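Working notes for the structure below.
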Amino acid sequence: MYKIVLSPRAQKELLKLERPIRQSVDRALLKLQENSFVTNFKFLKDKRLADFRIRVGNYRILYDIYKNDNVIYILRIGHRKDIYR
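Under the numbering used here, read the sequence shown as residues 15 to 99, first letter to last.
Printed below as a string of structure tokens:
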């Protein structure tokens, strides 16, 4: 099982979300913690942002996995229209 660590930016972005969306993101993070390769993950081509992303409705979670430390580091959480900027 992996440990989920949120970046300071991801923490701010999570707190800004409306409650139902935040709950969906929380559920997605719990699934991600149990299985680091959930079914809706995707490798990102632009590695400057992150290595992976998962979809939660119209929102995206960008993250990196550090297998040696068993850590999933959440870099960004946001709406799909803004997350890649």
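Beta carbons: idealized from backbone N, C-alpha and C, even for Gly. All values reported here derive from a predicted model rather than from experimental measurement.
Query, Result
"From the DSSP output, which residues share a beta bridge with Gly92?", "Arg74"
"Per DSSP, what are the beta-bridge partners of Tyr80 in this structure?", "Val85"
"Starting from Leu29, trace the alpha helix (DSSP H) in both directions and tell me its first and last residue.", "Pro22 to Lys30"
"Output needed for Val39: all residues of its chain with C-beta closer than 8 Å, excluding positions within five of it in sequence on either side, in chain order.", "Leu28, Leu31, Val70, Tyr73, Ile75 and Ile91"
"Inspect the beta-carbon positions of Asp140 and Asp78 and report whether they are closer than 8 Å.", "What the structure shows of the chain is the stretch from 15 to 99, and residue 140 is not part of that stretch, so it cannot be assessed."
"First and last residue of the beta strand (DSSP E) that includes Lys56?", "Phe55 to Phe57"
"Can you tell me which of the three DSSP states Val52 falls into?", "coil"
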